[in-house]
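Numbering of the sequence shown is given in the working numbering, commencing with residue 81 and proceeding in unit increments.
So the structure is just underneath, and the comments pick up after that.
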Amino acid sequence: MSIFKPFKATRPQVDKVKNVACRPYDVLNRSEAKADSAGNPDSFYHVIKPEIDFDDAHNPYDESVYKKGRENYERLKDSGVLLEESKECFYVYQLIMDGHKQTGLVGCCAIDDYFENNIKKHELTRPDKEEDRKNHVRYGKINAEPVFFSYPHVKQIDTLVEEVKLAAPTYDVITDDGIQHTLWVVSADDHINSIETYFAADVPSIYVADGHHRTAAGALVGQEFREKAGGSRTDGNRYNYFMAVVFPDNQLKIIDYNRVVKDLNGLSEGELISKLDTSFLIEEMSGQYRPEALHTIGMYLGSKWYKLTAKSDTYDDNDPVGVLDVTILSKQVLEPLFDIVDLRRDKRIDFVGGIRGLGELEKRVNSGEMKVAFAMHPVSMKQLIDISDADLIMPPKVTWFEAKLRSGLFVHEL
Numbered sequence: 081m082s083i084f085k086p087f088k089a090t091r092p093q094v095d096k097v098k099n100v101a102c103r104p105y106d107v108l109n110r111s112e113a114k115a116d117s118a119g120n121p122d123s124f125y126h127v128i129k130p131e132i133d134f135d136d137a138h139n140p141y142d143e144s145v146y147k148k149g150r151e152n153y154e155r156l157k158d159s160g161v162l163l164e165e166s167k168e169c170f171y172v173y174q175l176i177m178d179g180h181k182q183t184g185l186v187g188c189c190a191i192d193d194y195f196e197n198n199i200k201k202h203e204l205t206r207p208d209k210e211e212d213r214k215n216h217v218r219y220g221k222i223n224a225e226p227v228f229f230s231y232p233h234v235k236q237i238d239t240l241v242e243e244v245k246l247a248a249p250t251y252d253v254i255t256d257d258g259i260q261h262t263l264w265v266v267s268a269d270d271h272i273n274s275i276e277t278y279f280a281a282d283v284p285s286i287y288v289a290d291g292h293h294r295t296a297a298g299a300l301v302g303q304e305f306r307e308k309a310g311g312s313r314t315d316g317n318r319y320n321y322f323m324a325v326v327f328p329d330n331q332l333k334i335i336d337y338n339r340v341v342k343d344l345n346g347l348s349e350g351e352l353i354s355k356l357d358t359s360f361l362i363e364e365m366s367g368q369y370r371p372e373a374l375h376t377i378g379m380y381l382g383s384k385w386y387k388l389t390a391k392s393d394t395y396d397d398n399d400p401v402g403v404l405d406v407t408i409l410s411k412q413v414l415e416p417l418f419d420i421v422d423l424r425r426d427k428r429i430d431f432v433g434g435i436r437g438l439g440e441l442e443k444r445v446n447s448g449e450m451k452v453a454f455a456m457h458p459v460s461m462k463q464l465i466d467i468s469d470a471d472l473i474m475p476p477k478v479t480w481f482e483a484k485l486r487s488g489l490f491v492h493e494l
């Protein structure tokens with residue numbers, strides 16, 4: 081069973097939502113956030129990226145920064161920009177991007193479901209990033225941004241969500257990037273009870289899609305607060321829960337996450353192609369090539385695109401990690417030919433989200449910054465779930481979800 085609870089969200093007044101809502105903390109840097117929030121004291125960047133309120137030389141991980149985030153949050157509440165819901169509710173949150181629609185439920189998951197692996201993970205976390213997110217929760221005493229979860233779709237939940245959407249939404253905004261964000265408040269007791277019941281009865285596990293560091297931070301700091309208060313897992317206190325948006329698995333869209341490499345490790349272009357012939361069927365293409373199926377990889381080298389089709393002896397269909405195209409690329413190309421083993425730390429490789437298109441790969445190579453680019457076929461939600469259920473870990477930089485959740489639409493106070 082999965083515990084999924086309503087909560088009293090703190091959220092913007094309707095006429096303030098466009099000023100408050102912003103992109104997630106991890107999709108832009110400090111200077112970009114400063115530019116985006118210029119002249120807008122209501123921007124939620126002041127809460128999730130409070131380093132923008134300091135000189136650029138100021139350490140973004142200094143205690144003063146985390147305290148500033150709390151101060152800015154209190155300012156938004158005191159000024160009436162943010163208001164707390166009068167009762168515990170769920171929320172229906174719909175995003176539409178380029179015609180793709182996904183509709184999730186906003187609520188709270190139990191920290192103990194995280195510790196007991198009922199919330200399934202597929203990535204490792206970096207200690208430094210995890211500590212940064214923990215400090216934001218510790219000092220802010222809030223879950224400022226929701227984590228992005230998925231669950232195996234349940235017909236009854238789908239039906240209930242569509243019923244809620246028949247009413248007029250509370251928020252309906254189109255952001256500068258063209259994404260439509262629509263929110264409905266689920267305040268009816270029968271709907272609230274049904275959602276809790278369906279998750280308890282019909283959703284055995286919930287899966288982290290995006291936000292492993294925020295998930296860890298929310299659970300670990302919640303546990304810290306509980307221990308400090310001498311509380312228990314059943315005391316109903318807010319620290320036992322953290323905020324999430326959960327989407328049915330059949331509505332999510334994972335796009336490609338591609339690789340670019342700085343050099344050929346001493347090989348000429350011809351030598352590289354010759355060595356690749358051992359593991360791949362190679363076909364030179366007349367133009368850009370986006371992989372259309374599993375086990376096909378696009379390679380951009382020397383102003384030409386190639387289709388690489390992995391030979392059957394390069395993967396094992398029974399190995400949920402080994403069958404991934406990114407694993408095949410690492411085992412057959414990056415490690416043996418380029419000596420790139422640690423994808424997290426090796427400075428010779430970089431990663432490009434598919435949202436930037438194949439043209440970005442060409443640009444990085446044509447500029448001379450990179451020597452070769454690899455366009456990957458996206459992993460599927462089934463692959464992500466299979467790996468998570470097996471308690472295995474995906475390689476780094478595999479999943480890129482679009483559309484991204486907007487921050488500042490709802491906050492969970494601890």
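Yeah, the Cβ is synthetic: ideal placement off N, Cα and C, and Gly gets one too.
Have a look at the options and flag the residue whose alpha-carbon is nearest the alpha-carbon of residue i.
i      : options                           : result
Lys477 : Lys462, Leu204 and Lys147         : Leu204
Pro458 : Thr314, Glu372 and Phe360         : Glu372
Glu442 : Val100, Gln368, Phe228 and Leu263 : Gln368
Phe84  : His261, Gln331, Cys169 and Leu352 : Cys169
Lys333 : Asp122, Gly149, Arg91 and His180  : His180
Ile199 : Ile237, Ser366 and Pro232         : Pro232
Lys129 : Tyr141, Glu351 and Ala137         : Tyr141
Val401 : Ser359, Ile435 and Ile465         : Ile465
Arg218 : Lys147, Arg155 and Ala281         : Lys147
From residue i to residue j, what distance separates their C-alpha atoms?
i      : j      : result
Gly488 : Ser468 : 29 Å
Pro328 : Tyr194 : 19 Å
Ala453 : Arg339 : 6 Å
Leu374 : Lys157 : 49 Å
Val100 : Glu242 : 27 Å
Leu438 : Asn345 : 23 Å
Tyr125 : Lys209 : 18 Å
Leu356 : Thr479 : 25 Å
Asp116 : Lys387 : 39 Å
Ser392 : Val107 : 37 Å
Leu352 : Tyr105 : 39 Å
Pro284 : Val234 : 11 Å
Ile376 : Ala224 : Note that residue 376 corresponds to Thr in the displayed sequence, not to Ile. Between Thr376 and Ala224, the C-alpha separation is close to 40 Å.
Cys188 : Pro249 : 21 Å
Phe134 : Asn120 : 15 Å
Asn446 : Ser383 : 7 Å
Asp256 : Val161 : 21 Å
Val127 : Ala118 : 14 Å
Asp238 : Ser410 : 39 Å
Glu211 : Arg110 : 18 Å
Pro86  : Asp419 : 50 Å
Ile435 : His292 : 21 Å
Tell me the residue span of the alpha helix (DSSP H) that contains residue i.
i      : result
Asp379 : It is Met, not Asp, that sits at residue 379 in the sequence shown. From DSSP, Met379 is part of no alpha helix (DSSP H) but of the beta strand (DSSP E) over Thr376 to Leu381.
Gln260 : Segment Gln260 to Val266 is the beta strand (DSSP E) holding Gln260; no alpha helix (DSSP H) there.
Tyr251 : Looking at the DSSP string, Tyr251 is not in any alpha helix (DSSP H); the run it does join, the beta strand (DSSP E), is Tyr251 to Ile254.
Ser230 : Where Ser230 is concerned, there is no enclosing alpha helix (DSSP H), although the beta strand (DSSP E) it sits in stretches over Val227 to Tyr231.
Glu304 : His292 to Ala309
Let's test the definition: count the other Cβ atoms within 10 Å of the Cβ of residue i and tell me whether it reaches 16, buried, or not, exposed.
i      : result
His216 : buried
Val341 : buried
Asn197 : exposed
Ala299 : buried
Thr295 : buried
Gly310 : exposed
Leu473 : The sequence as given places Ile at residue 473; Leu does not occur at that position. Ile473 should be labelled exposed.
Asp399 : exposed
Leu246 : exposed
Ile254 : exposed
Met461 : buried
For residue i, which residues of its own chain have a beta-carbon under 7 Å away from its beta-carbon, when the five flanking residues on both sides are left out?
i      : result
Lys114 : Ile132
Asn320 : Ala190, Ile191, Gly302, Arg306 and Arg313
Ser359 : Ala390, Lys391, Thr394 and Gln412
Gln331 : Gln182 and Thr183
Ser337 : Residue identity check: residue 337 is Tyr in the sequence provided, not Ser. Same-chain partners within the cutoff: Phe431, Gly433, Gly434, Met456, Lys477, Val478, Thr479 and Trp480.
So, for residue i: in the same chain, excluding its five sequence neighbours on each side, which residues have a beta-carbon less than 6 Å away from its beta-carbon?
i      : result
Arg318 : Leu494
Glu165 : Lys88 and Ala89
Asp290 : Phe228 and Phe481
Leu361 : Thr389
Tyr251 : Val97 and Leu263
Which stretch, first to last residue, makes up the beta strand (DSSP E) that contains residue i?
i      : result
Ala455 : Val452 to Ala455
Ile473 : Where Ile473 is concerned, there is no enclosing beta strand (DSSP E), given that its DSSP letter is neither H nor E.
Arg150 : Taken as a continuous stretch (DSSP letters only), Arg150 belongs to no beta strand (DSSP E), being part of the alpha helix (DSSP H) at Glu143 to Asp158.
Cys362 : Position check: residue 362 holds Ile in this sequence, whereas Cys was assumed. Looking at the DSSP string, the run of the beta strand (DSSP E) that includes Ile362 is Phe360 to Glu364.
Phe327 : Tyr321 to Pro328
Ala126 : Per the sequence presented here, residue 126 reads as His, with Ala not at that position. Run containing His126: none in the beta strand (DSSP E); it sits in the alpha helix (DSSP H), Tyr125 to Ile128.
Lys181 : His180 to Ala190
Take residue i and list the residues in its own chain whose beta-carbon comes closer than 8 Å to its own, dropping the five residues that flank it on each side.
i      : result
Leu240 : His271, Ser274, Ile275 and Tyr278
Glu415 : Val421
Val325 : Tyr173, Gly184, Leu185, Val186, Pro226, Val227, Phe228, Phe229 and Leu485
Met450 : Val340, Val341, Lys342, Asp430 and Arg444
Val145 : Pro130, Glu131, Phe134, His138 and Asn139
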